[in-house]
Structure formats: C-alpha cells, structure tokens
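Reminder that position 232 of the sequence shown reads as 232 in the UniProt record's numbering, one-by-one numbering, no gaps.
Where a beta carbon is used, it is the ideal one built from N, C-alpha and C, also for glycine.
Structure first, commentary second.
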Amino acid sequence: MSPARQPPLVTGISPKEGAAWTKVTIRGENLGTGPADLIGLLICGHNCLLTAEWMSASKIVCRVGPAKDDKGEIIVTTKSGGLGTSTVSFKLLRPERISILDQSAVWVDEMNYYDMRTDRNKGISPLSLRPSNPLGIDIDKGKISQSDMEQTFPGMSGDFTSENFSATWYLIENHSSSSFEQLKFAASNLKKQATKKNEGSLAYVKGGLSTFFEAQDALAAIHQKLESDGTERVEGSMTQRLENILNRASDTADTLFQEVLGRKDKADSTRNALNVLQRFKFLFNLPLNIERNIQKGDYDVVINDYEKAKSLFGSTEVPVFKKVYAEVETRIGALRSLLLEKLLQTPSTLHDQKRYIRYLSDLHASGDPAWLCIYAQHKWILQLMQNCRDEFVSGQRGVGALDLEGDTRPLALGRLGHTASLKRGGSLRTPRPSTWRFETPQQVQFVEKLSDVVIGQLPNFWKLWISYVNGSLFSETGEKSGQVEKSKKNARQRQNDFKKMIEELTNQLVKLIRGAVLPATLPQGELNLYGGWENKTELTGAWLTQIIHTVRGCHEALSAMEIPNDLLQVIQDLLLELRVHCLMVTLLYTTEDVKRLAEKEDWVVDNEGITSLPSQFEQCIVQMLQSLKEPLEIKAGEINVRELPANTVSIYISEQRLLIILSNCQYLERCTFLNLADHFEKHGFTGTEKITRVSVDTVRELDKKLFEAYIEKRADPIAGSLEPGIYAGYFDWRDCQTPTGVRNYLKEALVSIITVHAEVFTVSKDLVVRVLSKIVEIVADEMCRLMQCVSSFNRNGALQARLELCALRDAICTHLNSERFMYDLNFSARLLEELLNKFKSSMQLQLACFQPSSIRPVKR
Numbered sequence: 001m002s003p004a005r006q007p008p009l010v011t012g013i014s015p016k017e018g019a020a021w022t023k024v025t026i027r028g029e030n031l032g033t034g035p036a037d038l039i040g041l042l043i044c045g046h047n048c049l050l051t052a053e054w055m056s057a058s059k060i061v062c063r064v065g066p067a068k069d070d071k072g073e074i075i076v077t078t079k080s081g082g083l084g085t086s087t088v089s090f091k092l093l094r095p096e097r098i099s100i101l102d103q104s105a106v107w108v109d110e111m112n113y114y115d116m117r118t119d120r121n122k123g124i125s126p127l128s129l130r131p132s133n134p135l136g137i138d139i140d141k142g143k144i145s146q147s148d149m150e151q152t153f154p155g156m157s158g159d160f161t162s163e164n165f166s167a168t169w170y171l172i173e174n175h176s177s178s179s180f181e182q183l184k185f186a187a188s189n190l191k192k193q194a195t196k197k198n199e200g201s202l203a204y205v206k207g208g209l210s211t212f213f214e215a216q217d218a219l220a221a222i223h224q225k226l227e228s229d230g231t232e233r234v235e236g237s238m239t240q241r242l243e244n245i246l247n248r249a250s251d252t253a254d255t256l257f258q259e260v261l262g263r264k265d266k267a268d269s270t271r272n273a274l275n276v277l278q279r280f281k282f283l284f285n286l287p288l289n290i291e292r293n294i295q296k297g298d299y300d301v302v303i304n305d306y307e308k309a310k311s312l313f314g315s316t317e318v319p320v321f322k323k324v325y326a327e328v329e330t331r332i333g334a335l336r337s338l339l340l341e342k343l344l345q346t347p348s349t350l351h352d353q354k355r356y357i358r359y360l361s362d363l364h365a366s367g368d369p370a371w372l373c374i375y376a377q378h379k380w381i382l383q384l385m386q387n388c389r390d391e392f393v394s395g396q397r398g399v400g401a402l403d404l405e406g407d408t409r410p411l412a413l414g415r416l417g418h419t420a421s422l423k424r425g426g427s428l429r430t431p432r433p434s435t436w437r438f439e440t441p442q443q444v445q446f447v448e449k450l451s452d453v454v455i456g457q458l459p460n461f462w463k464l465w466i467s468y469v470n471g472s473l474f475s476e477t478g479e480k481s482g483q484v485e486k487s488k489k490n491a492r493q494r495q496n497d498f499k500k501m502i503e504e505l506t507n508q509l510v511k512l513i514r515g516a517v518l519p520a521t522l523p524q525g526e527l528n529l530y531g532g533w534e535n536k537t538e539l540t541g542a543w544l545t546q547i548i549h550t551v552r553g554c555h556e557a558l559s560a561m562e563i564p565n566d567l568l569q570v571i572q573d574l575l576l577e578l579r580v581h582c583l584m585v586t587l588l589y590t591t592e593d594v595k596r597l598a599e600k601e602d603w604v605v606d607n608e609g610i611t612s613l614p615s616q617f618e619q620c621i622v623q624m625l626q627s628l629k630e631p632l633e634i635k636a637g638e639i640n641v642r643e644l645p646a647n648t649v650s651i652y653i654s655e656q657r658l659l660i661i662l663s664n665c666q667y668l669e670r671c672t673f674l675n676l677a678d679h680f681e682k683h684g685f686t687g688t689e690k691i692t693r694v695s696v697d698t699v700r701e702l703d704k705k706l707f708e709a710y711i712e713k714r715a716d717p718i719a720g721s722l723e724p725g726i727y728a729g730y731f732d733w734r735d736c737q738t739p740t741g742v743r744n745y746l747k748e749a750l751v752s753i754i755t756v757h758a759e760v761f762t763v764s765k766d767l768v769v770r771v772l773s774k775i776v777e778i779v780a781d782e783m784c785r786l787m788q789c790v791s792s793f794n795r796n797g798a799l800q801a802r803l804e805l806c807a808l809r810d811a812i813c814t815h816l817n818s819e820r821f822m823y824d825l826n827f828s829a830r831l832l833e834e835l836l837n838k839f840k841s842s843m844q845l846q847l848a849c850f851q852p853s854s855i856r857p858v859k860r
C-alpha cells in the first residue's frame, strides 16, 4: 500500500473578491491527481464542484456560487489527500438588486431573489423608470403659464419622453433662473450619463461572452460525440432518442406545472379585467354618477362628464363600451326631457330659464328650447291677465291679494313706476289705509292688479327675448360659436312672431281695461270675454284719475324697457280715451253736484251774513279741479286734450242725440204744434194756420237734415262692407264651388242692421220703420249694383248669387219693395229652397227683428 498523500493546501486565489458566479483561479499544493480525484470544492461554504475544472495538481478553475457567507476559506477535498486547508480567503460581494427589466448574464432565482408577499401584483409605470432630474442641477420652476408656452412653442412639449420634446421649453420651465455655468455643468452630466450607459452595455456584453462561448463549446462537444458514436448504438435517427427524452421531459414539466400555469392564466385574466375596470372606471361608473348628480341638481357635472365620455367613447367599437355608452345616452335623454319640463314650468325666474336653456344647448337637445320657453311664457302671461279679470268679475276676489297661481313675488307696481322712481326702486302707490280694499271700487283694484301682472312679467319676458337675439343665452362671455350664430339666425327669422306676441299682450291689456272702464268702446262680440262689470260700482272722476295714474305708470315702465313705441301705441290711445272720459264724467258729476246744492241749503246765516252754500259750491269746484289735474296733464308722447275738436269728446253719443232730436221733431210736428194752435185759437189769436205751417216746414227741414246725417253714419259702413265681403279669399263667380249656405258677409250685414234697429228702438219705436226702410234700401241698391257688375257666372256662381239675393230679400222684405231684386239668374230651385230654409232656421231669432211689431207706440 502506497503511503497517503498530503492533504490539499490552497495558497492563492485570483481574484480575491467578486460577486456570485465570478470565475476564479485557485492555486496551491496537492490539489489532486486528476479530475476524478477532486471530490469537493467549498468557497465561502458553497459547493462549487459542478463548475470546477481541474487543470493540474497546483491549479483549479471554477465559478463562485451564491454563498451565504460574505467571506470564507477555500477548502479542496480529494480522494488521495482528504480534506484540505487554506491560507487565503475569498470575499463574496453582494450584487445590486437586479430589477425585472435589468439585463443579466446569469439566471436569477426569482423565488429567492424577490419577496413574493410585497412584490406581488405591483404595477410598474413606465414614467417611474425615467430620471426625475436628468441634468443633475437644481430645478427651479418658472412662473410662465402653460398657455403662454403652448403659444410660443406650437405643437411641441416640455416632457422629455414626448416625441415632440422641445429642449428650450424644458429649460424655460425647469431651469429659467440657472446660470450659464450651471447649464454647462448639466451638459457635462448628460455626456457622462451617455458614456456610462454605453460602457455599461459594453461591459455587460464582455462579461457574458465567456458564458456564451462555454455553452457553445459544450454544444459542439455534444454534437461531436454524437457524430463519433454514429448510428451503430442508436436505432434510426441518432437524435430520435434525444428527441423522445426531451418530449417526455416537456410533457412531465407540463403535467407538473399545468395547474400552476392555469391559475396563472386565470390570475392574469382577472388582473387584466381589474386593470380595464380601473382604467375605464369613469365610463362604468358614469350611469350611476349621472343619476346621483341629477338628484342633487349638479347638472354642470353631468354635462361635463357626458362631454368627456362622448369624446372618448362616442365612436368606440368595443361591445362592452358601446353597451355602457348606450346606457349613458339613455340617462342623458331622460335628463333632456327633465330639463325641458323644468324650463316650461311656470312661474320661473329669468335666471333659471337661462340656466336650463344653456344646459339643453350643451346637451344638444333637439328643436329650439329658447323659443319654446318664450312661447310658453307668452301664453302664461296672457292666462294670468285673463285669470285676473275672471276672479274679479266672478266675485271670487277676496280682501286679500290675488294669488297668481303661486306667484309670490312682490307686487310689480311696488318695484316699477315713474322713470325716476324706477331707478330708485320706488312705487307708484301711496300708502293705503287698512280699509282701502273695502272702499275702492273693484275696477280700480282690477286695473292696479292687472298692471302689477304686466309689469311683473313682461320685463323678464323682454329680457329673455333680448338674450335670445344677442346669443347670451348660450354664452355668458359673448364668445362666438356655432350655437350662438344659430340662435341669432333663428331670432332674426322669428322677429315678426315675437312682435305679434308683444302686440297680443298689449292689446289684451288694453281690452281688459276697456272692458272694466270703457265697455262702450269694445265690439259686441268682445264684451263677453272682456266685459262683465255692469253690476260693479260706477266710477267717479276721482277713481278714473287713479286709473289714469296707474295706466300711465304701466306705460312708462314698459317704455323704460326700450320696447318700440309702435307696440305701445294702443296704450297711448287708451290713455287718451281715458283722459277724455275722465273729463266728461268729472264735469257731469260736478254739474249734478252743483244742481243739488240747493237741496242742501239750510238757511243758517253765519257771522258774515251768508249760508254754507257758497262754501259748498267752492268745495265742489276745487274737487273738480283736483280731479281734472291728472287727465289734463300732458306726459311725453301724449296729446293735449284741450286741442281736441269738440266732436271727438262727444263721439260716443252723437248718433243717439240725433235719434232723440228726430223723435222730438216728429212729436213736435204731430202733437205739440197742433196743441199750440188750439191754444192760440182759444185765446183769440189769428194767423194760426200760417204759424203752424211755417213751424212745421222748419221742423221738417231740420228733420230731413238730421235724418240724412244719421242714415249716412249708419248705412254707409254696412253698404261699404258688402263688396270686400263678397270677394274675400279671392272669390270668383266664374270658379265657384257648389253652394253650402249663405256666406258670412251677408250675415254680418244683417246683424249690423239689427244693431241699428236696437239703437233706434231704444229711443223711439216710431222711427224704426222709417230708419230701417232707408238703410235696407241703400243696402239692397248696393247689393244689386254689385251683382250687375259681375261679367259672368258659372252654374254654381249663379246659384250662390241667387241664394244670397233671396236670403236678403226674404230677411228685409217687410221694409223693402221686392222689385229691386228682379235680377234673373239660372239656378237649381230645389237646392236653393233647401239652402234658404237652412239660412232661415239658423238665423230665426235675428230675422224676427225685421217682422212687424204688435206693440203700440208710446206717446211722448
């Protein structure tokens, strides 16, 4: 047996320190007799035998493994010498943590290298990998706004990760106060970083070359071994067995890791779904957020979120996004309907109306919400005015103020008045006593309340239109946009419609006041709608003065809104008639009061030797002058009542006076002169017949003139209305349809004759036949003249003409010679008779006025 060899002794290692997997060369004594003799190699406690390469008895090459100890000895163990010793040590350097994205020449055991509890599911943002301060000098943010930078560098960006990066922008934004020396230092830092990066990449490549070459050598040796063995030992292909082994290894690996990989795929899909939900949570949460914000009234937030969602997902093709966005559109459609409903609700403030219109515009609502709001406000104001009249007339007006459908705003006349008081927030009204509503006539209260309604609503209505015209409804800043230009275009097209609305409002105001104060100035057909004040207290001059004051205040308030004067002319006309009426009533009442002063004489003489009668007379005159002050006062744009012709003042009673005088003349001729003649004869006077004859002739001459004047006033308008009525609607006798009845123009003419009949009958029944016969004669002559002027008729035209002539003849036959209607026309007798019967049946009550009366005339 040979003597035992000395144990191995390590006397040197190169290098003396390094990171794991560093290649080292070990030198010493008795390191083994060959590769098979080497059975162990420990460096810092880690077995490196797998990577060891025995070179000689004094040299071994290997790679340092990931040992636990930072510093330790190198122990070599051989079969021949046993466990060895070492006189040197090796220091293991802990490498820097290799990130997931870092390059590495060796395999990194992730299970041991990363803490799976803390690093699990951590997302890495690409922005976190960029340097926060690439220049390496102090950052000083400038005060230049983002918008100014965008204007200075259009299309560029100060973000150095952007494709459009501008270095000038970045320096101005982050280093505006840095000196030139600091910038030079920053430039050198950039160069160093670039050089370091290149050197690191080169060192990485160099460090990995040996590993690559070793792997390449191993593969070449395997290939060479296979080539040398040939196919003698392996049946078929010499790589078939290796392929089978590799396939079995792959199947075994799949079997082992199938469950793990399945869980990993499921976790990845769940993670991706969560990432999608997190990334697009704005869209998925939007329907619920819209509902919540609508309930809270945060419509601005809803509109902003909708615009954002529309820009991001309006044209998406992703099915889930399309489904959610469709739900968003459904909620927005419901919001449009809700806002439109709120917009059309009354009453509402101008601020709310503008706000809702702007919301609907931002939501691209269909139609024109602004015009719908204007139309709804117009109808509501008209209804308020009519309700005001109906509540007063029906007697439902209590002591308290009129409730205008929940409108609790202050009375308008408390806010508006004369031009001066308007600006100061004054009021037209003087302080009222607590019993004012009990003492004031209903007409006066009605006019003041009606003025409150108009002045309270019309200014906001006018402002809404002005905002619609200038486009400020859609843009508070007045900036031009497509919506603003569209609004202005729509407003220009609807100017005439809005003008008609204002005219309808002012006409409604005037007619309602006329119905309460001047019912005689309204047509008969409008009295039912605007009248109904017959049972109310008759107004004196003092109350009429109060009404004039109220109407003037209303007119001045509307004029202050810069409403065109032509739209307010009807109010001016009403004021003129009110002033004239007030003058007449005041003078008549004063005359009656003066006449009744004699009844108040008490014959009590005071110290000055007079009674109270002169003082009472003076008081009557003073009160009259006070009442005349308001109607005689001339405001801007008004007419001086003193300069009006006399017949204008008595325009409403001149025809009635003519009838009274005619009746008096008739009575003088029939009774008075005969009675006077008898008295003359009884007392023995001679020449009675001559006196009577001259007097009768004078009265007859006066009667003739007055009769002709009255007939001219009453007959001419009726006869003049026939021709426009016949040819209304471009009627043509030669292109006439089958008649269906008597046309309206003839019915209106008969009603006008009946009106004259009623007027004459109220004064004197004896004048009815005389007046109606003359008026009927003039109307019949005009009707025949118009028929004779027709050049030709078709069959239906001839039947229509015959029908209307016969209808007129049958209606007024008791007052007319039938020879005037002997105008021959071809017609269908059966159809004519049916239509005539229909006409007589429908106007039976009116036609009865033309029948002879059995009532005996009353002697005067």
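{"Check": "Proximity below 9 Å, CB of residue 514 to CB of residue 574", "Outcome": "yes"}
{"Check": "Run of the beta strand (DSSP E) containing residue 554, from where it starts to where it stops", "Outcome": "Looking at the DSSP string, residue 554 is not in any beta strand (DSSP E); the run it does join, the alpha helix (DSSP H), is 541-560."}
{"Check": "Residue 54 - containing beta strand (DSSP E), residue span", "Outcome": "53-56"}
{"Check": "Burial state of residue 245, where buried means 16 or more other Cβ atoms lie within 10 Å", "Outcome": "exposed"}
{"Check": "Residue 41 - containing alpha helix (DSSP H), residue span", "Outcome": "Taken as a continuous stretch (DSSP letters only), residue 41 belongs to no alpha helix (DSSP H), being part of the beta strand (DSSP E) at 38-43."}
{"Check": "Residue 241 in three-state terms, based on DSSP", "Outcome": "helix"}
{"Check": "The alpha helix (DSSP H) enclosing residue 865, as first and last residue numbers", "Outcome": "What is shown of the chain runs 1 to 860, which leaves residue 865 out entirely."}
{"Check": "Local conformation of residue 31 per DSSP, three classes", "Outcome": "coil"}
{"Check": "Cut-off 8 Å between Cβ atoms - residues of its own chain near residue 666, not counting five sequence neighbours on either side", "Outcome": "703, 764, 766, 767"}
{"Check": "Minimum C-alpha distance to residue 47 - residue among 63, 58, 35, 37", "Outcome": "63"}
{"Check": "Rounded straight-line distance, which links the Cα of residue 269 to that of residue 124", "Outcome": "Its pLDDT being 47, under 50, residue 124 is placed unreliably by the model, and the measurement read from it follows with that caveat. Answer to the nearest angstrom: the Cα atoms are 18 Å apart."}
{"Check": "DSSP three-state assignment for residue 537, whether helix, strand or coil", "Outcome": "coil"}
{"Check": "Buried/exposed call for residue 6, threshold 16 Cβ in 10 Å", "Outcome": "exposed"}
{"Check": "Of the listed residues 597, 275, 450, 319, nearest to residue 621 (C-alpha basis)", "Outcome": "597"}
{"Check": "Other residues of its chain near residue 331: CB distance less than 6 Å, five sequence neighbours each side excluded", "Outcome": "287, 290"}
{"Check": "Any non-hydrogen atom of the ligand SAH within 8 Å of residue 328 CB", "Outcome": "In the structure shown, the ligand SAH is absent, as is every other ligand, since no ligand is present at all."}
{"Check": "Residues near residue 293 in its chain [Cβ-Cβ closer than 7 Å; skip 5 each side]", "Outcome": "301, 302"}
{"Check": "Own chain partners of residue 537 with C-beta closer than 6 Å, once the 5 adjacent residues on each side are dropped", "Outcome": "441"}
{"Check": "Proximity winner among 141, 383, 16, 792, relative to residue 450 (alpha-carbon distances)", "Outcome": "383"}
{"Check": "Rounded straight-line distance, which links the Cα of residue 282 to that of residue 328", "Outcome": "12 Å"}
{"Check": "Proximity winner among 633, 51, 471, relative to residue 218 (alpha-carbon distances)", "Outcome": "51"}
{"Check": "Alpha carbon of residue 555 to alpha carbon of residue 569, nearest angstrom", "Outcome": "10 Å"}
{"Check": "Pairwise C-alpha distance: residue 171 and residue 161", "Outcome": "15 Å"}
{"Check": "Option nearest residue 358 by Cα separation, candidates 468, 504, 250", "Outcome": "468"}
{"Check": "DSSP-derived helix/strand/coil call for residue 12", "Outcome": "strand"}
{"Check": "Same chain, Cβ closer than 7 Å to residue 342, neighbours up to 5 away in sequence not counted", "Outcome": "356"}
{"Check": "Of the residues 509, 26, 783, the one placed nearest residue 805, counting alpha carbons only", "Outcome": "783"}
{"Check": "Segment limits, beta strand (DSSP E) that includes residue 72", "Outcome": "71-78"}
{"Check": "Exposed unless 16 or more other CB atoms sit within 10 angstroms - verdict on residue 118", "Outcome": "Only weak support is given to the placement of residue 118: the predicted model assigns it a pLDDT of 49, under 50, and the value that follows is read from those uncertain coordinates. Residue 118 comes out exposed."}
{"Check": "Runs of alpha helix (DSSP H) lying entirely within the segment 246-317, each at least 4 residues, in chain order", "Outcome": "281-296, 299-313"}
{"Check": "Test item: CB-CB of residue 545 and residue 629 under 9 Å", "Outcome": "yes"}
{"Check": "For residue 256 and residue 149, the rounded distance between their alpha carbons", "Outcome": "60 Å"}
{"Check": "Own chain partners of residue 77 with C-beta closer than 6 Å, once the 5 adjacent residues on each side are dropped", "Outcome": "39, 40, 83"}
{"Check": "Coil, strand or helix - residue 797 by DSSP", "Outcome": "helix"}
{"Check": "Cβ-Cβ distance between residue 541 and residue 627 below 9 Å", "Outcome": "yes"}
{"Check": "DSSP-derived helix/strand/coil call for residue 139", "Outcome": "coil"}
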